[in-house]
Amino acid sequence: MPDDPTLDFYARNAARYVAHGGDAPDPRLVAFVDELPEGAGILELGAGSGRDAAYMARRGMQVDATDASAALAEEAEKRLGKPVRLLRFDQLEALETYDAVWACASLLHAPASELTGDLARIFRALRPEGLFVASFKAGNGEGRDRFNRYYNYPDAETLLAHYRSAADWAFLSLDTVAGGGYDGQPTPWLWVTARK
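Below, the structure written as structure tokens:
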């Protein structure tokens, strides 16, 4: 289930949060799309500003943009010009529906106790050989940032254990990348690439 204080933060700060990000696509998003055939069906978990969905659509992808925050979904709809579906991770019921799943800085809000189950649902939603890329803020266990947003804050070993417990991935890799976030703090990010 989603964390109420986290959703409340996005409800109160959606426009400011969306304005914080730039318009240029992350190089990892570009590489993700480069791996897919034109017209691939992509589930985006956590559409946020709609920036990533807009880029994927421009590249000829069929994007199902979703977010658990109604306020962020509304902001993304403004950019995309089409509805963004309200969807919590625990509500994903699709079976072999998508060629790929993109979850940039979204699953990091999933309760640690539910993360394995969420990853299993994503695995089931992917078609055979489907590609899945997600990013997480690294840490040493659950906590909140200065805005009271919840994070699962896994270390690399714990995160890979969640993935391996969720499903038998054909391919699984993790990269640690230095970066930042809305809070302005230096942040080690864990980027996981998996293929069904």
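Per the numbering used here, residue 1 is the first one in the sequence shown, and the count goes up by one each step. Even glycine gets a Cβ: it sits at the ideal position worked out from N, Cα and C.
| Item | Value |
| --- | --- |
| Inspect the CB distances between the segment 24-34 and the segment 78-91 and report whether three or more fall short of 8 angstroms. | no |
| Three or more beta-carbon pairs under 8 angstroms between the segment 134-144 and the segment 185-193, yes or no? | yes |
| Just verifying my parser: in three-state terms, what is the DSSP assignment at Glu77? | helix |
| Just checking, does the segment 165-175 make contact with the segment 90-101 on the three C-beta pairs under 8 angstroms criterion? | no |
| In three-state DSSP terms, what is Asp168? | coil |
| Just the C-alpha distance for Ala194 and Pro5, rounded to the nearest angstrom, thanks. | 30 angstroms |
| Taking the alpha carbon of Gly181 as the reference point, which residue from Phe147, Asp155, Tyr55 has its own alpha carbon closest? | Phe147 |
| Does the segment 96-109 come within contact of the segment 146-160, defined as at least 3 CB pairs closer than 8 angstroms? | yes |
| Need the endpoints of the alpha helix (DSSP H) that Val206 sits in, please. | This structure gives no information on residue 206, because the portion of the chain shown stretches from 1 to 196. |
| Does the separation of the CB atoms of Asp99 and Ile42 fall below 8 angstroms? | yes |
| Closest to Gly46 by CA distance: which of Leu36, Ala14, Glu38, Gly39 is it? | Ala14 |
| Could you check if Val101 is buried or exposed, using at least 16 other CB atoms within 10 Å of its CB as the buried criterion? | buried |
| Can you give the Cα-Cα distance for Gly48 and Val63, rounded to whole angstroms? | 14 angstroms |
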